[in-house]
Amino acid sequence: CSVADSRITDVGVESPLYAGALIGNAPSTNIKQCYTRDVDIEITRTNVVNAIGGLAGYVASSSTEDCYTHGTIRASGNYIGGISGQRTTGDATYIRRCCSYVNILQTSGDYAAGIWGTMYDLRNVIALGDVAGTGAHTDRITADTSSSYSYVYAYRGQQVSGLTENMSGAIKTELLSGE
(Lines of atoms letter the chains of each structure in order from A and count residues from 1; the text may use other names and numbers.)
(Lines give C-alpha, C1' and ligand atoms only; values in the text may rest on other atoms or scores of the structure.)
Protein backbone atom coordinates (compact mmCIF):
# COMPACT_ATOMS: atom_id res chain seq x y z
CA CYS A 1 0.00 0.00 0.00
CA SER A 2 1.23 3.49 -0.72
CA VAL A 3 0.31 7.15 -0.97
CA ALA A 4 2.39 9.55 -3.04
CA ASP A 5 2.34 13.24 -3.91
CA SER A 6 -0.76 14.10 -1.89
CA ARG A 7 -1.93 16.95 0.33
CA ILE A 8 -4.26 16.67 3.33
CA THR A 9 -5.80 19.78 4.87
CA ASP A 10 -8.61 20.40 7.32
CA VAL A 11 -11.52 22.75 6.87
CA GLY A 12 -12.31 23.52 10.50
CA VAL A 13 -13.74 20.21 11.69
CA GLU A 14 -15.78 20.49 14.90
CA SER A 15 -15.49 16.82 15.98
CA PRO A 16 -12.26 15.18 17.24
CA LEU A 17 -9.87 14.39 14.39
CA TYR A 18 -7.49 11.53 13.67
CA ALA A 19 -5.46 12.19 10.51
CA GLY A 20 -2.87 10.13 8.67
CA ALA A 21 -1.60 10.07 5.10
CA LEU A 22 -2.82 6.48 4.75
CA ILE A 23 -5.19 5.88 7.71
CA GLY A 24 -6.79 8.25 10.21
CA ASN A 25 -8.04 5.86 12.89
CA ALA A 26 -6.84 2.24 12.72
CA PRO A 27 -7.86 0.10 15.71
CA SER A 28 -6.76 -3.57 15.52
CA THR A 29 -5.02 -3.06 12.17
CA ASN A 30 -1.68 -4.56 11.18
CA ILE A 31 0.19 -2.28 8.79
CA LYS A 32 2.94 -3.94 6.74
CA GLN A 33 5.11 -2.85 3.84
CA CYS A 34 3.40 0.50 3.33
CA TYR A 35 4.90 3.86 2.47
CA THR A 36 4.02 7.48 1.97
CA ARG A 37 6.09 9.76 -0.24
CA ASP A 38 5.95 13.55 -0.62
CA VAL A 39 2.89 13.84 1.60
CA ASP A 40 1.94 17.29 2.92
CA ILE A 41 -0.42 17.29 5.92
CA GLU A 42 -1.69 20.61 7.25
CA ILE A 43 -4.17 20.46 10.14
CA THR A 44 -4.44 23.87 11.78
CA ARG A 45 -8.15 24.79 11.91
CA THR A 46 -9.67 21.76 13.66
CA ASN A 47 -10.83 22.36 17.25
CA VAL A 48 -9.79 18.97 18.73
CA VAL A 49 -6.90 17.07 17.17
CA ASN A 50 -6.51 13.62 18.70
CA ALA A 51 -3.57 12.32 16.65
CA ILE A 52 -1.75 12.98 13.35
CA GLY A 53 0.83 10.78 11.64
CA GLY A 54 2.74 10.49 8.40
CA LEU A 55 1.25 7.01 7.94
CA ALA A 56 -1.56 6.65 10.51
CA GLY A 57 -3.06 9.08 13.00
CA TYR A 58 -4.07 6.60 15.71
CA VAL A 59 -3.31 2.88 15.94
CA ALA A 60 -4.52 0.57 18.72
CA SER A 61 -3.52 -3.02 19.55
CA SER A 62 -1.72 -3.32 16.23
CA SER A 63 1.64 -3.84 14.59
CA THR A 64 3.48 -1.67 12.08
CA GLU A 65 6.31 -3.30 10.14
CA ASP A 66 8.61 -2.48 7.22
CA CYS A 67 7.12 0.97 6.54
CA TYR A 68 8.56 4.28 5.33
CA THR A 69 7.17 7.81 5.51
CA HIS A 70 8.32 10.98 3.77
CA GLY A 71 6.82 14.45 3.78
CA THR A 72 5.76 17.34 5.98
CA ILE A 73 3.26 17.74 8.83
CA ARG A 74 2.15 21.19 10.01
CA ALA A 75 -0.42 20.87 12.75
CA SER A 76 -1.89 22.24 15.94
CA GLY A 77 -2.83 19.64 18.51
CA ASN A 78 -1.48 16.75 20.55
CA TYR A 79 0.19 13.51 19.46
CA ILE A 80 2.01 14.13 16.19
CA GLY A 81 4.53 11.65 14.77
CA GLY A 82 6.35 10.87 11.55
CA ILE A 83 4.86 7.34 11.43
CA SER A 84 1.89 7.70 13.79
CA GLY A 85 0.67 10.20 16.34
CA GLN A 86 -0.67 7.93 19.04
CA ARG A 87 -0.86 4.25 19.93
CA THR A 88 -2.41 2.42 22.82
CA THR A 89 -0.92 -0.50 24.66
CA GLY A 90 -1.81 -4.06 23.84
CA ASP A 91 -0.10 -7.40 23.36
CA ALA A 92 0.41 -6.79 19.64
CA THR A 93 1.22 -3.08 19.75
CA TYR A 94 4.67 -2.59 18.26
CA ILE A 95 6.72 -1.09 15.44
CA ARG A 96 9.58 -2.84 13.62
CA ARG A 97 11.96 -1.89 10.80
CA CYS A 98 10.46 1.50 9.93
CA CYS A 99 11.94 4.79 8.76
CA SER A 100 10.52 8.30 8.90
CA TYR A 101 11.77 11.33 6.98
CA VAL A 102 8.94 13.65 7.94
CA ASN A 103 9.53 17.25 8.98
CA ILE A 104 7.10 18.19 11.75
CA LEU A 105 5.98 21.69 12.75
CA GLN A 106 3.62 21.57 15.74
CA THR A 107 2.06 25.02 16.21
CA SER A 108 0.33 24.18 19.52
CA GLY A 109 -0.18 21.14 21.73
CA ASP A 110 2.12 18.50 23.17
CA TYR A 111 3.76 15.17 22.19
CA ALA A 112 5.59 15.46 18.88
CA ALA A 113 8.33 13.11 17.68
CA GLY A 114 10.07 11.79 14.59
CA ILE A 115 8.55 8.28 14.76
CA TRP A 116 5.67 8.28 17.28
CA GLY A 117 4.06 10.94 19.47
CA THR A 118 3.51 8.17 22.02
CA MET A 119 4.56 4.54 21.58
CA TYR A 120 5.40 1.57 23.76
CA ASP A 121 7.52 -0.94 21.80
CA LEU A 122 9.98 0.16 19.11
CA ARG A 123 12.67 -1.92 17.37
CA ASN A 124 14.94 -1.09 14.43
CA VAL A 125 13.64 2.38 13.58
CA ILE A 126 15.26 5.53 12.25
CA ALA A 127 14.07 9.15 12.28
CA LEU A 128 15.58 11.67 9.85
CA GLY A 129 13.16 14.63 9.74
CA ASP A 130 13.23 17.75 11.90
CA VAL A 131 10.76 18.07 14.79
CA ALA A 132 9.63 21.50 16.00
CA GLY A 133 7.27 20.84 18.91
CA THR A 134 5.58 23.31 21.23
CA GLY A 135 5.07 21.15 24.31
CA ALA A 136 7.34 19.66 26.93
CA HIS A 137 7.25 16.27 25.17
CA THR A 138 9.16 16.68 21.91
CA ASP A 139 11.74 14.13 20.81
CA ARG A 140 13.72 12.53 17.99
CA ILE A 141 12.00 9.10 18.19
CA THR A 142 9.10 9.08 20.65
CA ALA A 143 7.96 11.62 23.23
CA ASP A 144 6.94 8.78 25.58
CA THR A 145 9.74 7.96 28.04
CA SER A 146 8.07 4.71 29.16
CA SER A 147 8.63 3.10 25.75
CA SER A 148 10.39 -0.22 25.35
CA TYR A 149 12.99 0.09 22.59
CA SER A 150 16.12 -1.26 20.95
CA TYR A 151 18.11 -0.33 17.85
CA VAL A 152 16.65 3.16 17.50
CA TYR A 153 18.53 5.68 15.37
CA ALA A 154 18.31 9.33 14.39
CA TYR A 155 20.31 11.63 12.12
CA ARG A 156 22.79 13.69 14.16
CA GLY A 157 21.92 16.81 12.12
CA GLN A 158 18.21 16.43 12.86
CA GLN A 159 16.82 19.65 14.39
CA VAL A 160 14.60 18.92 17.40
CA SER A 161 13.09 21.53 19.75
CA GLY A 162 14.94 21.55 23.04
CA LEU A 163 17.78 19.21 21.95
CA THR A 164 21.29 20.01 20.82
CA GLU A 165 23.00 18.04 18.06
CA ASN A 166 24.68 15.60 20.46
CA MET A 167 21.67 14.93 22.74
CA SER A 168 19.92 11.63 22.08
CA GLY A 169 16.60 12.65 23.64
CA ALA A 170 14.13 11.02 26.03
CA ILE A 171 15.17 7.49 25.10
CA LYS A 172 18.73 6.36 24.31
CA THR A 173 19.07 6.94 20.57
CA GLU A 174 22.12 6.15 18.46
CA LEU A 175 22.97 9.30 16.51
CA LEU A 176 24.22 8.76 12.95
CA SER A 177 26.46 11.32 11.26
CA GLY A 178 25.76 10.43 7.62
CA GLU A 179 29.47 9.91 6.91
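Under our numbering, the letters of the sequence shown match residues -3 to 175, in that order. All residues carry an ideal CB built from backbone N, CA and C; glycine is no exception.
- Ranked by how close their Cα comes to the Cα of THR114, the residues ARG83, MET163, ALA128 have ARG83 in first place.
- Contact check for GLY53 against ASN26 fails: the beta carbons are separated by 8 Å or more.
- With the rule of 3 Cβ pairs closer than 8 Å, the segment 96 to 114 counts as touching the segment 128 to 142.
- Judged by DSSP secondary structure, PRO23 falls within the beta strand (DSSP E) whose first and last residues are 19 to 23.
- Taking a contact to require three or more Cβ pairs closer than 8 Å, the segment 137 to 144 and the segment 154 to 162 do not qualify as touching.
- Per the DSSP secondary-structure output, ARG119 pairs in a beta bridge with ARG92, SER146.
- Counted as a single uninterrupted DSSP element, the beta strand (DSSP E) harbouring ARG3 occupies residues 3 to 5.
- ASP135 sits in a strand when the DSSP states are folded into three classes.
- Rounded to the nearest angstrom, the gap between the Cα atoms of GLN102 and TYR14 is 15 Å.
- With distances taken between CA atoms, PRO12 lies nearest to ARG41 out of VAL35, ARG41, ASP36, ALA0.
- Taking all protein chains in view, the Cβ of TYR147 is surrounded by fewer than 16 other Cβ atoms within 10 Å, so the residue is classified as exposed.
- Taking 8 Å as the cut-off, the beta carbon of VAL98 is found closer than this to the beta carbon of GLY125.
- Between ALA47 and VAL35, the C-beta gap is not smaller than 8 Å, which leaves the two residues out of contact.
- Around the beta-carbon of GLN154, 16 or more other beta-carbon atoms lie within 10 Å, marking it buried.
- With respect to SER24, SER57 sits close: the two C-beta atoms are nearer than 8 Å.
- Counting only the Cα atoms, SER96 lies some 12 Å from ASN120.
- Going by DSSP, ARG70 is part of the beta strand (DSSP E) stretching over 64 to 72.
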